[in-house]
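55 is the number of the first residue of the sequence shown in the working numbering; add one for each residue after it.
Structure first, then comments.
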Amino acid sequence: MVRGFRDVYPGDSERFDLVERSMIEVIGKYGYQEIRLPIFGIRRLVQSRVRGGHGRR
55 MVRGFRDVYP GDSERFDLVE RSMIEVIGKY GYQEIRLPIF GIRRLVQSRV RGGHGRR
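What follows is the structure, encoded as structure tokens:
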């Protein structure tokens, strides 16, 4: 497991989904829209940390 991350199990996942949907609905009323950020850039960092590295070389 990568330090700083935790697994989200089914019971918690349902609650996260509820909170996320509620937030999207509320902020949508103020004109905000969802954006999706690419995860490619952190892949190398996460892989490095899983192997015990420090991220950037």
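Idealized CB from N, CA, C, for every residue including glycine.
The structure presented is a predicted model; accordingly, all values stated were derived computationally and were not measured.
Excluding five sequence positions before and after Tyr63, none of the CB atoms of its chain fall closer than 6 Å to its own CB. Contact between Glu68 and Ile78 is ruled out by a C-beta separation of about 16 Å, above the 8 Å threshold. Here DSSP, grouped into helix, strand and coil, assigns Glu79 to helix.
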